[in-house]
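Student:
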Amino acid sequence: MGFEGLDTFSGILKGVPGKYPIHLWLRRIARAEVPRQEAEFTLWLDNTWLAVDREIDDALLARQSTFSN
Numbered sequence: 005m006g007f008e009g010l011d012t013f014s015g016i017l018k019g020v021p022g023k024y025p026i027h028l029w030l031r032r033i034a035r036a037e038v039p040r041q042e043a044e045f046t047l048w049l050d051n052t053w054l055a056v057d058r059e060i061d062d063a064l065l066a067r068q069s070t071f072s073n
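First residue of the sequence shown? That's 5 in our numbering, and the numbers climb one at a time after it.
1) Assign D57 to one of three DSSP states: helix, strand, or coil.
2) Does the Cβ-Cβ distance between G19 and L28 come in under 8 angstroms?
3) Go through its chain and collect everything with a Cβ distance to Y24's Cβ below 7 angstroms, but skip five positions before and after it.
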């Protein structure tokens with residue numbers, strides 16, 4: 005599914021099937037934790053996205069095991 009069309013609250017409501025609950029996790033990152041140099045920022049951003057992808061995968065696996073039982 006990806007995040008296409010999910011950039012607004014109404015987009016989320018339209019894009020996610022009604023039978024599934026919607027869970028949002030927000031994370032605040034202090035500006036001091038974000039690298040200022042382009043190369044370091046790119047590496048930090050890539051690693052952050054990989055961590056988010058793993059968290060989403062874990063949540064989807066947990067949901068599948070809950071719904072399949």
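Ideal Cβ positions, reconstructed from N, Cα and C, are used throughout, including at glycine.
Tutor: From the atom records:
1) In the structure shown, D57 sits in a helix (DSSP, three-state: H, G or I).
2) Cβ atoms of G19 and L28: not closer than 8 angstroms.
3) So the list is empty, once near-sequence residues are dropped.
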